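In the UniProt record's numbering, the protein residues as written are 1 to 70.
Notes for the one structure printed next.
Pasting the structure below:
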C-alpha cells in the first residue's frame with residue numbers, strides 16, 4: 001500500500017536483499033501477503049518467474065490491516 005515504506009527513497013541501492021526483505025516484511029505484516037519467495041530469490045536475476053508471479057498475484061486481493069503505519 002502506498003505509504004507503508006515512506007523512507008524507501010533513503011534505502012541503499014547497493015543492498016537489494018535488505019531492501020526486498022524490508023518491503024516484503026511490510027507486505028506480510030500489514031497486507032497479509034505471505035512471503036512465498038525469499039528476498040534473496042526475488043532479487044536474483046535468474047529468479048524463477050513463476051515464483052515471482054505467484055508472489056505478486058497476491059497483492060490485488062490484499063487488504064490493509066487496521067493500525068497500519070500510514
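Don't be surprised by glycine CBs; every beta carbon is placed ideally from N, CA and C.
In this text, all values refer to a predicted model and were calculated from it rather than measured experimentally.
Three-state secondary structure (DSSP) of residue i
{"i": "residue 9", "result": "helix"}
{"i": "residue 37", "result": "coil"}
{"i": "residue 17", "result": "helix"}
{"i": "residue 1", "result": "coil"}
Neighbour-count burial assignment, residue i, 16 or more Cβ in a 10 Å radius
{"i": "residue 24", "result": "buried"}
Proximity of residue i and residue j at Cβ, strictly below 8 Å
{"i": "residue 37", "j": "residue 57", "result": "no"}
{"i": "residue 20", "j": "residue 70", "result": "no"}
Checklist entry - What are the complete alpha helix (DSSP H) segments, minimum 4 residues, inside the stretch 37–69? => result With a minimum length of 4 residues, the continuous alpha helix (DSSP H) runs that stay inside the stretch 37–69 are 39–42 and 49–56.
Item to check | Any 3 or more C-beta pairs closer than 8 Å across the stretch 21–35 and the stretch 58–65 | outcome: Between the stretch 21–35 and the stretch 58–65, the count of Cβ pairs shorter than 8 Å is three or higher; the stretches touch.
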